[in-house]
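In UniProt numbering, the protein residues as written are 1 to 333.
Below, the structure written as structure tokens:
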């Protein structure tokens, strides 16, 4: 199926539309704005869907949109600013941010006013229709992505955040987001290939699950990751106070991971960490000693192209084996 019939929009009491997995679907009905009682639009895994009709922005009862496309479709398409009235949204994935060049459009979305939004995905890819000019492909895309993300205000009660294919070199999680996301429990960063440094995620006081994948420009993870100043005035500081699960995947240039050095005062790092997984980090030479020695650590995985780490932590023969042998569940193929 490539297009839903316009007669669908005569079902005025319709509360849910589920077209997930309809990979050939290219358009939703232009009159979808008539479905004023619609609460759930499940349209993920619809790779051919190029745009959403402008009427989407009038569906103020929407609780979930699993793919809110914001580029392509031209005058018939909704924009990023079409999110403005959708203040009951609980879950939303915004797709196509790579084709948006107007930071003002991001401000008009008013994400910071969406108190009910708990689960947000920001995807900075572009349209998949093969026409770069029509898709609005931008020059200086690194700077554009940085300005766009800065302009998107953080929803105040967000619990889960996914960011895909962000092309900026810095601020993959802007400072104002870090300071505001006091309820964030899950953070996944995927394929943000130009970022050279990890953001100060240790300041996220409620974070429990952190997954970082494909950040191929990061060569070193240091104290900036903790969000702790070098001089803490001798006071005690806790970085990542609730983090339980940490995963690094396909960090192909990462060579060094050094946390907590050159900091004055007492610092406690990841006191609740129970699961650590490292995959395809081929240049990483060692893991921080204090993480490996944690009594809370129940699961350690080192696999994929992690040859240096695998040999260093190999059972009985590895240099770091004495530090990890207490961990109940170890997977190092």
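Idealized CB from N, CA, C, for every residue including glycine.
Presumed contact (8 angstroms Cβ cut-off) between residue i and residue j, rounded CB distance
i: residue 6; j: residue 31; result: 6 angstroms
i: residue 242; j: residue 272; result: 6 angstroms
i: residue 189; j: residue 172; result: 6 angstroms
i: residue 239; j: residue 226; result: 4 angstroms
i: residue 84; j: residue 108; result: 6 angstroms
i: residue 77; j: residue 51; result: 4 angstroms
i: residue 253; j: residue 216; result: 6 angstroms
Residue i versus residue j: straight-line alpha-carbon distance, rounded
i: residue 102; j: residue 122; result: 16 angstroms
i: residue 95; j: residue 195; result: 20 angstroms
i: residue 10; j: residue 4; result: 12 angstroms
i: residue 319; j: residue 312; result: 5 angstroms
i: residue 245; j: residue 64; result: 27 angstroms
i: residue 13; j: residue 56; result: 16 angstroms
i: residue 158; j: residue 288; result: 30 angstroms
i: residue 186; j: residue 207; result: 6 angstroms
i: residue 137; j: residue 97; result: Annotation note: pLDDT 48 at residue 137 (below 50); position unreliable, coordinate value reported separately. So the two alpha carbons sit approximately 10 angstroms from each other.
i: residue 237; j: residue 304; result: 34 angstroms
i: residue 277; j: residue 309; result: 12 angstroms
i: residue 161; j: residue 326; result: 33 angstroms
i: residue 274; j: residue 299; result: 6 angstroms
i: residue 259; j: residue 150; result: 27 angstroms
i: residue 19; j: residue 221; result: 41 angstroms
Neighbour-count burial assignment, residue i, 16 or more Cβ in a 10 Å radius
i: residue 135; result: With a pLDDT of 42 at residue 135, under the threshold of 50, the modelled position of this residue cannot be trusted; read the value that follows with caution. Buried, since its Cβ has 16 or more Cβ neighbours within 10 Å.
i: residue 146; result: buried
i: residue 164; result: buried
i: residue 21; result: exposed
i: residue 166; result: buried
i: residue 200; result: buried
i: residue 317; result: exposed
i: residue 132; result: The predicted position of residue 132 is uncertain, since its pLDDT is 48 and thus under 50; a value taken from the coordinates is nonetheless stated next. Exposed is the call here.
i: residue 104; result: exposed
Option nearest residue i by Cα separation, candidates the options
i: residue 144; options: 99, 212, 245, 47; result: 99
i: residue 191; options: 2, 211, 301; result: 211
i: residue 25; options: 35, 12, 48, 113; result: 48
i: residue 323; options: 8, 117, 51, 292; result: 292
i: residue 34; options: 286, 18, 59, 41; result: 59
i: residue 117; options: 104, 156, 108; result: 156
i: residue 177; options: 251, 197, 203, 294; result: 203
i: residue 279; options: 257, 298, 302, 290; result: 302
i: residue 329; options: 309, 296, 308; result: 296
i: residue 124; options: 197, 114, 93, 112; result: 93
Cβ of residue i within 7 angstroms of any chain D Cβ
i: residue 92; result: Absent from the structure: chain D. Only one protein chain is present.
4-residue-minimum alpha helix (DSSP H) runs that sit fully inside the region 234 to 315, ordered along the chain
289 to 292, 307 to 312
Counting only runs of 4+ residues fully inside the region 34 to 115, write out the alpha helix (DSSP H) ranges in chain order.
103 to 108
Which runs of the beta strand (DSSP E), 3 residues or longer, sit entirely within the region 197 to 224?
209 to 213
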